[in-house]
Every structure is written in structure tokens, then in C-alpha cells.
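Shown next, in C-alpha cells, is the structure this report addresses.
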Amino acid sequence: MTENQEHLRKLEEQWNLVMAEDERKHALISDLFGHISDLTAQLAEAHMDLRDRKDMLELKRTKLDQAEKQIEDLRRKTVGRQRLTPEDGGGLTTVTQDEHVFSMVIIDGDNMPFQDEFVRDGLLGGKRVASLLRKAITEDIKTRFPSLPANAQVVIRVYANLKGLSKKYRELLPDSASFEDFVRGYNTVHPTCDFIDAGCGKECADEKIKAALKFGLGDSHCKQVFFGGPGDNGYARVFDSFLEDQTIRGQITLMSGPPFAYELAAIKDKFQNVAFDNIFRGQKLPNETNRRTSFHITPPGTPMPSNAPLSFAAAAKVPTSPAHSAPAQLYCPEPKPSPNGVILRNRLGQRVDSRLSYSQSDFSSLKDRKLCNNFHLLGKCFYLDKYGKCHHIHGEKLTAQQLEALRGIARQSPCLNGLSCSQTDCVAGHRCPREPCHLENCWFPKEMHGVDSQVID
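Mapping the sequence shown onto the working numbering, position 345 (from 1) lands on 1023, and the numbers just tick up by one.
This is the structure:
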């Protein structure tokens, strides 16, 4: 074999070795790609499985939230229990929440005494005033809250220092029956009417009354809490804490009697108000016993004509003397319906008050006159129509410019229905008129500030 042939043979051997090595590399790379492909497929499958599990978990969470909401709605509407009733022959019947709805009346008897004529009549006077008060409250609730069930209970609690009150009445009404007889008569009228001895000392009655308020406002079955204790500034701090909560404010009605103490007078208009003038005194009992001889007993209410229909609420609200009679009306405007019955709303569906144009001089002069907004702006007054009297001025016809200013005054008070109000004849405000407003001591709740006034057709 020649030298060239030997060299060629070696080259061929080297070539074969290189080719074999390349084949091994190709095989290794092919195996790697195959392994990577398998891992990629497994990873994709795991991702799909994880996504399915996540979607399933989200669906279950949504269904759970919906179920909890439905349970809460059902809990509010229906007491989830059943009981045996004789009417059904022992069968089961569902007990609805309507059976438990009630309104609560809480009275500070030391600061809001009943009319002297009832106390003077002792046992019979106590029965008479308890019956009249209960029926007057019931009538007022039916009028102002017609959606409440007809069988809603009225719970009345009067808290007082009976020993102290008894002493005052013995000196004030020496010829009358005993105050103890009056209380006894009051407590026999109805199971939910109680005149409670809170014990001696001011704090005793205060703490019981505050606890009763907390109980009533915290019970979902209690739809309205009436409070009577206008002469004590101590309650102002209690009601101050409710000013920011529109729901609770709408659940409270303050009863008028003796003049409101200074701090209470400053906030009383932020709540609903009602007066039962023929039931409660217009003044507190005198503190100094030696002034009894110069103290004038409140006369009974002005008698009504025998042919005049009178509801219990109206009977409770008639004036206690001719001096308090409603003045004769100089004019009665025609009812003014809202233009086309249209309610302006923004893009969020919130109510928007229409723009007003009036002079500051008209606004200032009318604000001091305490005019009846409904009478002048709507042509009707609920209190005049229902009870024959109104504590605000009706009087002469206003000019168009004055009416516009009066609308501005009416809007200084927030609407209790809030931004969702749908009453076409509502004259209250649906946005705080003060810009900027720092919210401190503002009558309007937080959500009624900075409301978008851009109207959407």
C-alpha cells in the first residue's frame, strides 16, 4: 500500500468517527427536544387544570356571597321559625317579622310632665292620658309611616323620680287625687304602657333613658323612636352622635312639650318633630315650692264643635288655650304641582335640585319670618289640613321672587329620603348648599356633599 493510500484510509477512519459523533449529538439533541416537549405539554395541562380550579373556586365564592345575601334578606323579612297555632288546629304556621314590628316612645317624666288636669283626676286621669297618648302616637305613625304594618305595637316608657314628682304635685295640686293614683291608673291601661320609677337622683332616669334609646335604635324590629325630654341639655350629647347617620336620624322623632334646652334646640330641626299639646305641659313643673300660689295651672284644651270629626292624634294636638289658636289665614294659594312631574337626576341616578335665582335680601327677610314652606310652595299644609293648626306662618301671598327665595330656604334642610328621593313635590334640599363645607355640625350627611349637578336627560 502506497503512502497516499494509507493517508486516505486514515482520513476515512477519522471521517467515520466524526460522523458517529455527530449522530450521537443529533440523537442527544433529539432526545432533549422530546423531553422538553413532554414537559411543556405537562405544564400546559397543569396550567389549564389550575385555571379550571380557580374558575370553580371563584364561582363557588360568588354563589356563597349570593347565598349569604339571600339568607340576610330572608332573615330580615321572615323569622326563620314556625310555631303551633290553635287557629290551624295545631298546624304549623310561619311567623313573619311583621308580627314583631314596633315603635318605641321614651319620655323623661321629670322634664316632660303631663297636663295638670290628668294628674288632678288621679286614677281616671292616668287611664285617660295613657289611652289618649297611645292612640295619638298610633295615629301619627299611621299618618307619617303608612307602610308600617297595621298590627305594629307601640311601646311607651315614662321614666321619672316618682317620689320627687309626687312631692311637687302635692304642693302644686293640693286638692287633687294623689300622684300615686295617677301612676297606677296609667299603668293599668295597656301592657305596653309603663310609668317607671327610675329612683332618686337625676342620673338614675338619665341612664335608663339612654339605655332605652340604645335598645330601641339597635333593634331591627323597632321602626321609630319617639323621645320626650326637651328640657334637659344632657340629651344633646346623645343625639349629637346620631347627626351623621341619616338612617338613624330618620328613625327618631322628638316630641315637643316644655321649651327645648339650648343645646337641644340647636339640633332639634335635624330630626322629625311632633307636638301633643293637649297631653303634655308647655312648661316644666316649678322647682321652688313656695311659688305654688303664683303658678297658673294649665287650662284644658279649647273645646271642639260637636259636629267636627276629630281623630285621636288631632285630639292630642289641639291648642291648650285660645291664645295658642292658629291665626286666621289671609289667603290660600292653589296647589302647585311639580312641573311635568319631572325629577332631575345625574348620571349616577342621584337627585339634582334645580337652579334657583333670588336676592339675598329676600332670603334674609323671609328666613327670619318662619314661614310654612309647604303652604306657600305647594299650596297645602298637612298640619293645617289634618289638625287645624300649624306652628309656622301662612299669611299673605308671596311674590314670585319671594317664593324663589323661600325655595332656597327650604333647601337648607336635608331631605330624609336622601339622594334617591322620588317625591315630585319635595321641597327639601338634596345637596349641601354651602360650598365649601367642612362637614362639622352640618345638617347634611356626607353623601349629600359635592353631588354631581350635571343633569342627564
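All residues carry an ideal CB built from backbone N, CA and C; glycine is no exception.
Going by DSSP, what residues sit across from Val833 in a beta bridge? Met782
Out of Glu1082, Ala1078, Gln1079, Asn1051, which one is the CA nearest neighbour of His1072? Taking only the C-alpha atoms, the option nearest His1072 is Asn1051.
Can you name the start and end residues of the alpha helix (DSSP H) that Asn1051 belongs to? 1051-1056
Thr816 versus Gln1079 - alpha carbon distance: Distance between the alpha carbons of Thr816 and Gln1079 is about 40 Å.
Are Met790 and Val903 touching if we call contact CB-CB under 7 Å? no
What is the DSSP secondary structure of Cys1068, reduced to helix, strand or coil? coil
Please report the straight-line C-alpha distance between Val779 and Ile834, rounded to a whole angstrom. Counting only the Cα atoms, Ile834 lies some 14 Å from Val779.
According to DSSP, simplified to helix, strand and coil, what is Val1129? Residue state, collapsed to three classes: coil.
Report the rounded CA-to-CA distance for Arg862 versus Phe792, giving the unit in angstroms. 15 Å
Quick check: what's the CA-CA separation for Lys747 versus Ala719? Going by the C-alpha atoms only, they are around 42 Å apart.
Classify Cys882 as helix, strand or coil using the three-state DSSP reduction. helix
So what does DSSP say about Thr821, is it helix, strand or coil? helix
CB-CB under 6 Å to Phe1136, same chain, minus the five flanking residues each way: which ones, in chain order? Since the first residue of the chain shown is 679 and the last is 1135, residue 1136 is not available in this structure.
Taking DSSP as the reference, what is the three-state secondary structure of Ala838? strand
DSSP-derived helix/strand/coil call for Phe954: coil
Enclosing alpha helix (DSSP H) for Gln961 [first to last residue]: Element bounds for Gln961: n/a, residue is neither H nor E.
Three-way DSSP call (helix, strand, coil) for Met697 in this model: In the three-state scheme derived from DSSP, where H, G and I count as helix and E and B as strand, Met697 is classed as helix.
Looking at the structure shown, is Lys747 part of a helix, part of a strand, or coil, going by DSSP? helix
Within the continuous beta strand (DSSP E) that includes Ile930, where are the two ends? 930-934
Start and end residues, alpha helix (DSSP H) containing Lys1045: 1038-1045
For Asp875, which beta-bridge partners are listed by DSSP? Ala838
Helix, strand or coil at Phe905 according to DSSP, with G and I counted as helix: strand
Contact belief for Pro908 with Ala939 at Cβ below 8 Å, rounded distance in angstroms: 7 Å
Please classify Gly1107: does DSSP put it in a helix, a strand, or coil? strand
Mark Glu661 as exposed unless 16 or more other C-beta atoms lie within 10 angstroms of its C-beta, in which case mark it buried. The shown model of the chain, from 679 to 1135, leaves out residue 661, and the question about it has no answer.
Do three or more CB pairs link the region 1021-1034 to the region 1085-1101 at distances below 8 Å? The region 1021-1034 vs the region 1085-1101: in contact.
Min CB distance Ile1021 to chain B below 7 Å: Considering every chain present, this structure includes no chain B. It has just one protein chain.
Going by beta-carbon coordinates alone, are Phe860 and Gly804 separated by less than 7 Å? yes
Nearest to Val867 (by Cα), restricted to the options Asn911, Leu802, Asp884, Lys732: Leu802
Can you give me the start and stop residues for the alpha helix (DSSP H) that Leu942 sits inside? 940-945
Contact under 7 Å by Cβ, Arg812 with Val836: Taking 7 Å as the cut-off, the Cβ atoms of Arg812 and Val836 do not count as close.
Please confirm whether His1108 and Leu1094 have their CB atoms less than 7 Å apart. no
Look up Arg1112 in the DSSP assignment and say whether it is helix, strand or coil. coil
Label Gln1101 either buried or exposed according to how many other C-beta atoms from any shown protein chain fall within 10 Å of its C-beta, with 16 as the threshold for buried. exposed
Once you ignore the five residues that flank Pro981 on each side, which residues in its own chain have a CB closer than 8 Å to its CB? Only weak support is given to the placement of Pro981: the predicted model assigns it a pLDDT of 34, under 50, and the value that follows is read from those uncertain coordinates. For Pro981, where only same-chain residues beyond five positions count, there are no Cβ hits under 8 Å.
Bridge-paired residues (DSSP) for Arg656: Residue 656 lies beyond the stretch modelled for the chain, which goes from 679 to 1135, so this question has no answer here.
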